[in-house]
Amino acid sequence: MVSNISRPHILAIYKSLLRESQKFSNYNFRLYALRRVRDAFKEHKSLQDHKLIKKEYDFAKDNLEIIKRQVVIGEMYRTDKLVIENQQ
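When we follow full-length UniProt numbering, the leftmost residue of the sequence shown carries the number 1, and every step to the right adds one.
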């Protein structure tokens with residue numbers, strides 16, 4: 001039997017993914033990660049099947065760990081900011 005994933009759990013993983021994606025120091029990686037998270041959640045917001053919801057939730061948790069790891073690696077090998085980032 002598949003346990004039901006509640007709406008607050010889904011919103012929490014969504015917010016965590018967005019928060020971690022904001023930590024990318026590279027402008028392009030940051031925008032890509034944010035766009036992918038938003039697009040994936042919009043694409044799957046109408047899911048009703050509990051098995052598919054659980055599968056997507058587990059996928060999101062795995063991706064959260066990947067994003068955390070990549071943020072750390074990005075900090076280790078930081079590059080100069082792009083021109084577009086310096087405009088303010």
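Ideal Cβ positions, reconstructed from N, Cα and C, are used throughout, including at glycine.
Within 8 Å, do at least three Cβ pairs link the region 24-31 to the region 57-66? Not touching, per the Cβ criterion.
Evaluate S46 with the Cβ neighbour count: other Cβ atoms within 10 Å of its Cβ, from every protein chain shown; 16 or more gives buried, anything less gives exposed. In the sequence shown, the residue the question calls residue 46 occupies position 46. So S46 counts as exposed.
Under the three-state reduction of DSSP, which class applies to N26: helix, strand or coil? Here residue 26 refers to the residue found at position 26 when the sequence shown is read from its first residue. Under the three-state reduction of DSSP, N26 is assigned to coil, being neither helix nor strand.
Taking the alpha-carbon positions, what's the M1 to H50 distance? Counting from one through the sequence shown, the residue named residue 1 turns up at place 1. Counting from one through the sequence shown, the residue named residue 50 turns up at place 50. Confidence is the limiting factor: at M1 the pLDDT is only 44, short of 50, which leaves the residue's position unreliable, though a coordinate-based value still follows. Roughly 10 Å separates the two Cα atoms.
Please report the distance separating the alpha-carbon of E20 from that of Q48. On the sequence shown, residue 20 is found 20 positions in, with the first residue counted as 1. On the sequence shown, residue 48 is found 48 positions in, with the first residue counted as 1. Between the alpha carbons of E20 and Q48 lies a distance of about 27 Å.
Which word fits I13, buried or exposed, when buried means at least 16 other C-beta atoms lie within 10 angstroms of its C-beta? Counted from its first residue, the sequence shown places residue 13 at position 13. Buried.
Going by the CB atoms, is the gap between Y77 and D5 shorter than 8 Å? As a working note, residue 5 is residue 5 in the sequence shown. As a working note, residue 77 is residue 77 in the sequence shown. For clarity, residue 5 is Ile in the given sequence; the question names Asp instead. Pairing I5 with Y77 gives a Cβ-Cβ distance that is not under 8 Å.
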